[in-house]
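Number of protein chains: 2
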Amino acid sequence: MKANAKQTKPSPHVQKKRRKRREEILHAALRAFRIKGYHATTLDDIADHLGVRKTALYHYFPDKETILYECHRESLGEIKRLLTEAQELESATERLAHVIREHVRVMTDTLEGSPLAFEVPALSGRRQSQVIAARDRYERELRQIIDDGIKKKEFRQVDSKLAAFAILGAINWIARWYQPEGPLQGAELGSQFADYLVGGLSCR
Amino acid sequence: MKANAKQTKPSPHVQKKRRKRREEILHAALRAFRIKGYHATTLDDIADHLGVRKTALYHYFPDKETILYECHRESLGEIKRLLTEAQELESATERLAHVIREHVRVMTDTLEGSPLAFEVPALSGRRQSQVIAARDRYERELRQIIDDGIKKKEFRQVDSKLAAFAILGAINWIARWYQPEGPLQGAELGSQFADYLVGGLSCR
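As you go down the protein sequences, you meet chains A and B in turn.
Going left to right, the first sequence walks through residues 1 to 204 as the working numbering numbers them.
Going left to right, the second sequence walks through residues 1001 to 1204 as the working numbering numbers them.
Next up, the structure:
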């Protein structure tokens, strides 16, 4: 019984170390996915990025698909957070700009330019449904901000569904051209995208 | 000699019939790619869409990759044409709106919403380089139109490279959500995208 308790509850220090390691694995995986694509990436590639053997990964994740799923969860968690932050802002203009700016930062910093949005079909049934449901919720909230801006006459009369898809396309496509080592950093890219994509809706 | 001449030059009627059949195969392939994705699509799937046997396709294309390549060539040919048309227009605003409108139409009508831009890595070396070179030329011409608009004070001072990538992302992403059977048709979608994406650059 004592041994069992020990096994289920590691010390805070060990827990912290494990959390850190887990994050390092996810980030090594994101880098590998960006460079080789998800399908071509092996667990050996991910281990290579960390300078460890493949077997070391099995303490944290049973397989590559679980790693992909956890990367999605991390990114969707950040999306949820940025939507909550946006709700604190007064105008639809500010809310939309915040969402665009922060979503770009998730793409460039959290995901390191990895094309996660393109890899949803690689997830198995239940996990795929979960990710799609979270993505659909995000799309609806984005449309809601745009509709609200139209109602309050901050934005022109547009089809909010199309505008939301155009915004998501512009942001998701970043994975196709972004170079983490390049001169353009996430914050600057986010500001310029927000400026352009909110600008197209504004009543000026 | 006579037989040889006959073999190398079919009658105009036969030529026309072959061209038509060739186009039908490309369009059946695009539909299949949209529904199942390029990698999961087999030559049997493409033949099924046409109601013929797989062997009938071999008279036209040796393999699936060649079909993908020819779909790219068809779409790049249209892009080239729409850029030539745009050059006839007076202002950068009109040129950019034309390019966006017509590129959206290529996505929805010529490509039937098929995610061709996502399948470039599936092409073999020489073909992949050709398609990437053509795509790079297109990106440069798009930037050129935006830079011209900035110079002529039609557009605000923006990073034309980022704006071009945002536009291409919005358009390429259409393949991820467009339903050819849905209520929204290509022309209407193209107009709304042009309105939104040119609007974000305009000095109003």
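Beta carbons are placed, not taken as given, at the ideal position from N, Cα and C, and that holds for glycine.
- Could you give the residue range of the alpha helix (DSSP H) that holds Gly186(A)? Position 186 of the first sequence, counted from the start, is the residue given in the question as residue 186(A). Gly186(A) -> alpha helix (DSSP H) spans Gly186 to Gly199.
- Among His98(A), Leu68(A), Glu94(A) and Glu90(A), nearest to Glu81(A) - alpha-carbon criterion: As a first step, residue 81(A) is located in the first sequence; it is residue number 81 there, counting from the start. According to the sequence displayed, residue 81(A) carries Arg and not Glu. Closest by alpha carbon: His98(A).
- Return helix, strand or coil for Phe155(A), following the three-state DSSP convention. On the first sequence, position 155 is the one that residue 155(A) refers to. If DSSP states are grouped into helix, strand and coil, Phe155(A) belongs with the strands.
- Bounding residues of the alpha helix (DSSP H) (the contiguous stretch that carries Arg1021(B)): One-based indexing of the second sequence puts residue 1021(B) at position 21. Its alpha helix (DSSP H) spans residues Pro1012 to Lys1036.
- With a 10 Å radius around its C-beta and 16 neighbouring C-beta atoms as the bar for buried, classify Cys230(A) as buried or exposed. Any property of residue 230(A) remains undetermined from this structure, which presents chain A solely from 1 to 204.
- Query: Between which two residues does the alpha helix (DSSP H) harbouring Ala1086(B) extend?
  - Reply: Taking the first residue of the second sequence as 1, we reach residue 1086(B) at position 86. Per DSSP, Ala1086(B) belongs to the alpha helix (DSSP H) from Lys1064 to Gln1087.
- Tell me which same chain residues have a C-beta within less than 6 Å of the C-beta of Phe61(A), skipping the five on either side of it? Sequence index remark: in the first sequence, residue 61(A) carries index 61 (1-based). Excluding sequence neighbours, Phe61(A) sits near Ile67.
- So with Cβ pairs under 8 Å, would you call Gly1037(B) a contact of chain A? Within the second sequence, residue 1037(B) is the residue found at index 37, counting from 1. Closer than 8 Å: yes.
- Between the Cα of Glu1154(B) and those of Ser1160(B), Ile1132(B), Thr1093(B) and Val1104(B), spot the shortest distance and give me the residue it belongs to. Walking along the second sequence from the start, residue 1154(B) turns up at place 154. The shortest C-alpha to C-alpha distance from Glu1154(B) to any of Ser1160(B), Ile1132(B), Thr1093(B) and Val1104(B) is the one to Thr1093(B).
- Val1158(B): contacting residues in chain A (beta-carbon distance under 8 Å): Residue mapping note: residue 1158(B) aligns to position 158 of the second sequence, counting from 1. By Cβ distance, chain A contributes Gln192, Asp195 and Tyr196.
- Tyr58(A) versus Glu65(A): straight-line alpha-carbon distance, rounded: Locating residue 58(A) in the first sequence gives position 58, counting from the first residue. Locating residue 65(A) in the first sequence gives position 65, counting from the first residue. Rounded to the nearest whole angstrom, the CA to CA distance from Tyr58(A) to Glu65(A) is 12 Å.
- Message: Taking the beta carbon of Ala1056(B) as the centre, do at least 16 other beta carbons fall within 10 Å, making it buried, or is it exposed?
- Response: Within the second sequence, residue 1056(B) is the residue found at index 56, counting from 1. Exposed: under 16 other Cβ atoms inside 10 Å.
- Message: Using only CA atoms, which one of Asn1172(B), Pro1115(B), Leu1201(B) and Gln1130(B) lies nearest to Lys1152(B)?
- Response: Residue 1152(B) sits at position 152 when you count from the first residue of the second sequence. Taking only the C-alpha atoms, the option nearest Lys1152(B) is Leu1201(B).
- Message: In this structure, how does DSSP classify Ser160(A) when only helix, strand and coil are distinguished?
- Response: The residue given as residue 160(A) occupies position 160 in the first sequence. If DSSP states are grouped into helix, strand and coil, Ser160(A) belongs with the helices.
- Item | Same chain, Cβ closer than 6 Å to Ile1174(B), five either side skipped, listed in chain order | Translated into the one-based positions of the second sequence, residue 1174(B) becomes position 174. These residues qualify, in order along the chain: Met1107.
- Message: With H, G and I counted as helix, E and B as strand and the rest as coil, what does DSSP make of Met1001(B)?
- Response: Within the second sequence, residue 1001(B) is the residue found at index 1, counting from 1. With a pLDDT of 45 at Met1001(B), under the threshold of 50, the predicted position of this residue should be treated as unreliable, and no value is reported.
- Query: Any residues in the region 95 to 125 of chain A with a beta carbon nearer than 8 Å to a beta carbon of chain B? Which ones, in chain order?
  - Reply: Taking 8 Å as the Cβ-Cβ cut-off, the region 95 to 125 of chain A approaches chain B at Phe118 and Pro121, given in chain order.
- Residue range of the alpha helix (DSSP H) that includes Trp93(A): Here residue 93(A) is taken as the residue at index 93 of the first sequence, counted from 1. The question names Trp, but residue 93(A) is Thr in the sequence shown. DSSP places Thr93(A) inside the alpha helix (DSSP H), whose first and last residues are Ala92 to Arg105.
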